[in-house]
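Student: Provided herewith is a single structure, encoded as structure tokens, for subsequent inquiry.
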Amino acid sequence: RLVGAKINKLGRAAGVEVAARLIRKTPVKEGVARGNWNASIDAMDASWSPTRTDRQGHATLAKASNTAQRMKFFDGQTFYMTNAVPYIEVLDDGRRMVDGKLQGSIQSPDGMSRPTIREMEPTIKRIGARLRREVIQGG
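Here the sequence shown stands for residues -4 to 134, where the numbers follow our numbering.
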């Protein structure tokens, strides 16, 4: 049971960190894309609303954090971060629309998901190594 609790704790922390990085990296004009990140458990949430805005990202991160804290990673649950605004792929490719033409993004030229994955890989490896040490040491 101790191992399961540790896996859940570390998995939840990783989920919150992924959410924070995705939200923070999302370019902001009116806050629609940033406000439409959805955290969910075991199924993707493809909902979105043009009126759901969050320029700073605080409310969106709080919702994602609450979802991550309910996760039971040890039991095999999956944490999803999804965004279904119609132009999210353009933003995630590091582009933006200006006068009907695609241009490079000034705010997020590398997009959001690829940099987050690249940044999180060493973090996840450190979490795994720490968990292995704690389990072996019994602490």
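By construction, the Cβ of each residue, glycine as well, lies at the ideal position given by its N, Cα and C atoms. Owing to the predicted nature of the structure, the values given are computational and were not obtained by experimental measurement.
1. Measuring alpha carbon to alpha carbon, tell me which residue in 62, 31 and 14 is nearest residue 82.
2. Exposed or buried, which one is residue 66 when buried takes at least 16 other CB atoms within 10 Å?
3. Runs of 3 residues minimum, wholly inside the region 16 to 87: which ones carry the beta strand (DSSP E) assignment?
4. Just verifying my parser: in three-state terms, what is the DSSP assignment at residue 132?
5. Rounded to the nearest angstrom, what separates residue 93 and residue 87 at their Cα positions?
6. Alpha carbon to alpha carbon, how far is residue 22 from residue 29? Give it in angstroms, no decimals.
7. In the DSSP assignment, what are the bridge partners of residue 92?
8. Go through its chain and collect everything with a Cβ distance to residue 20's Cβ below 6 Å, but skip five positions before and after it.
9. Would you mind stating whether residue 41 and residue 79 have Cβ atoms separated by less than 9 Å?
10. Exposed or buried, residue 130, counting other C-beta atoms within 10 Å across all chains shown (16 or more means buried)?
11. Can you tell me which of the three DSSP states residue 104 falls into?
12. Do residue 74 and residue -1 have their beta-carbon atoms positioned less than 9 Å apart in this structure?
Tutor: Reading from the atomic positions:
1. The candidate whose alpha carbon is nearest that of residue 82 is 31.
2. Buried.
3. Fully enclosed beta strand (DSSP E) runs of 3 or longer: 32 to 36 and 74 to 78.
4. In the three-state reduction of the DSSP assignment, residue 132 falls in the helix class.
5. In this structure, the CA atom of residue 93 is about 16 Å from the CA atom of residue 87.
6. Each residue's alpha carbon lies about 7 Å from the other.
7. Note: residue 92 sits in a beta bridge opposite 97.
8. Residues of the same chain with a CB within less than 6 Å of the CB of residue 20, apart from the 5 flanking positions on each side, are 103 and 107 in chain order.
9. Result yes, Cβ atoms of residue 41 and residue 79 sit closer than 9 Å.
10. Its Cβ having fewer than 16 others within 10 Å, residue 130 is exposed.
11. Here residue 104 sits in coil by DSSP.
12. No.
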